[in-house]
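Structure first, then comments.
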Amino acid sequence: MSMYQYEDLKGYNQLLLITGIVVIAFNLRPAITSVGPLVGVIGDELGLANWSVGILTSLPLVAFAVMSPVAPKLGLRYTNEIVLIWSMIVLLAGILIRSVPFVVSLFSGTLMIGVGVAVSNVLLPGVIKERFPNRVTLMTSVYATAMGLVAALASGISVPLANMAGFGWELSLAFWGLPAVAGIAIWVYFVKQRRSADEVRVKYVAASDVRMWKSRLAWEVAIFLGLQAFLYYVIIAWLPQILQDYGTSKEMAGWLLSYSQFIGLPIGFLLPVIAGKFKSQSMLTVGTCLLAMIGTFGLLFGQSSFTMLASVTLIGVGSGGLFPLALAFLGMRASNARQAAELSGMAQALGYFLAAIGPILIGYLNDITQGWQLPLITLLIVSALMTIAGFGAGRNRTVGDEYAAMDEGSTD
């Protein structure tokens, strides 16, 4: 992972810039979250097994892991804004290719979507740090909330769009190319207004300290980030199908997935702020993990309308709080900016590879058992492991403390 430090540039249209950031945020999740409610239709039409349909959610996560350390280097060489434009072009191309009803185009387009989203996902915080150095927290909250809102909306309207006259699942998924077109247009205009890239003074900080890979805390943060992403993307991929198999209509299952994301937005906005008021976040993390565990337990043993709604609510609140908490740990568990960059690179690379296993594994377990009991038990086990890792990641210490212990041990 890399870190950028930019000269604070002045004179830009701030409203246009904020709009551009929000529009990029609109593109970071809907191409993924719109798939879940349609996986059954896509699988039936193309003759795919559930484990292979799970790849539609896992492929972008693999791209996240691979591109996390690459994207900052591209931004350094070509500027963040130029690379953001190209990431939107790749995303748009991937969305259009995925909408062609062939297996090869489905998966190749999905991989391109993952690359486009991954690069934008990594670079957008750098743009915010460059353009709003004194309002990083506020602007991060703005783009994270925008990202969550559109992700939830995409889950809710994908089935209604597919059911519109002549649409089908292909045009329903292609619809989410429109925000990418808007992102390309806004950022092309913005780049034309900015000064030459040569006038932006950049300091590159390499992340090469091997001690990070020896840090127990770093591994706890990486595992916690990975397992919460495992849970989130399994829910995105398979919750609609679980609810449909329990007797819920496709439309209602899609809206319940949308609801689970909407209900998590408030806690996702507030939890990092609350966490910052405590020296240790261990119990706060455990409590949030338990909400998701109880919700998963409810899906395992209750199929009534009330139980499903309560379970979806708890899962939504829990998973909605876990992601921003994991992101907060990347900074809170580091002693300085360089350590934060190193921890972020390690945690995201390992974490998203771990998360990529989730949708495929759960789909495979459903294939071999023809039911959801074993997949949900597996999620409970994953949630328990996430709770243990989260307790460790939330303790009041930093990787710098462990570095000092390593250095002291080496001199003894």
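Using our numbering, the first residue of the sequence shown is number 877, and each one after it goes up by one. We put the CB at the ideal spot given by N, CA and C, even for glycine.
Proximity to residue i [Cα-Cα], best of the options
i: Thr1254; options: Met1222, Leu1133, Phe1106; result: Phe1106
i: Cys1165; options: Leu937, Ala1202, Gly990, Asn926; result: Ala1202
i: Ser975; options: Gly1024, Ser1125, Gly1053, Val938; result: Gly1053
i: Pro1251; options: Ile1238, Val1149, Ile1257; result: Ile1238
i: Ile1257; options: Ser1048, Gly970, Tyr1240, Thr1172; result: Thr1172
i: Ala1038; options: Val1086, Ala1050, Asn1242; result: Ala1050
i: Ala1030; options: Phe902, Met1282, Ala1168, Gln890; result: Phe902
i: Ala1269; options: Arg1092, Gly1174, Ala1020, Thr1245; result: Arg1092
i: Val991; options: Leu968, Pro1148, Met943; result: Met943
i: Arg1273; options: Glu1096, Ser1048, Tyr1065; result: Glu1096
i: Lys1090; options: Ile894, Thr1161, Trp1114, Gly1276; result: Gly1276
i: Pro1116; options: Pro1235, Leu1147, Ala1022, Ile897; result: Pro1235
i: Tyr1065; options: Ser996, Gln1249, Gly896, Ile1004; result: Gly896
i: Val1067; options: Trp1248, Leu892, Ala1129; result: Leu892
i: Leu1230; options: Gly1247, Asp1243, Phe1100, Met1159; result: Phe1100
i: Glu1127; options: Met1023, Gln1179, Leu1175, Ser1034; result: Ser1034
Through-space distance from residue j to residue i, alpha-carbon basis
i: Val959; j: Ala1225; result: 20 Å
i: Phe1154; j: Met1208; result: 11 Å
i: Ser910; j: Met988; result: 16 Å
i: Leu1000; j: Ile900; result: 8 Å
i: Gly919; j: Ser1211; result: 47 Å
i: Ile1233; j: Ala1098; result: 15 Å
i: Tyr882; j: Phe1138; result: The pLDDT assigned to Tyr882 is 38, lower than 50, so where the model puts this residue is not dependable, and the model offers no usable value.
i: Leu950; j: Asn956; result: 8 Å
i: Tyr1135; j: Leu952; result: 39 Å
i: Ala926; j: Gly1194; result: Here residue 926 is Asn; the residue named in the question, Ala, does not match the sequence. So the alpha carbons of these two residues sit roughly 26 Å apart.
i: Tyr1345; j: Gly1102; result: Only positions 877 to 1288 of the chain appear in this structure, which leaves residue 1345 out of reach.
i: Glu1278; j: Ser1220; result: 17 Å
i: Pro1142; j: Gly1024; result: 10 Å
i: Gly1192; j: Glu1046; result: 27 Å
i: Arg1087; j: Ala1280; result: 10 Å
N- and C-terminal bounds of the alpha helix (DSSP H) containing residue i
i: Phe1205; result: 1181-1208
i: Met1262; result: 1249-1269
i: Met1044; result: Checking the sequence, you will find Gly at residue 1044 rather than Met. Here the alpha helix (DSSP H) through Gly1044 covers 1044-1050.
beta-carbon residue i near the ligand GTP non-hydrogen atom, thresh 7 Å
i: Gln1137; result: Although the ligand GTP was asked about, the structure shown includes no ligands whatsoever.
Pairing CB atoms from the stretch 1057-1064 with CB atoms from the stretch 1180-1197, are three or more of them under 8 Å?
no
Mind the definition here: the stretch 964-979 touches the stretch 1257-1274 only if three or more C-beta pairs lie below 8 Å; say whether that holds.
no
What ranges does the alpha helix (DSSP H) occupy inside the stretch 923-994, keeping only unbroken runs of at least 4 residues that lie completely in it?
926-929, 931-943, 947-954, 956-974
Could you tell me which uninterrupted alpha helix (DSSP H) segments, each at least 4 residues in length, are contained entirely in the stretch 1116-1167, listed from first to last along the chain?
1126-1138, 1141-1151
Do the stretch 932-939 and the stretch 1107-1118 touch if we need at least three Cβ pairs shorter than 8 Å?
yes
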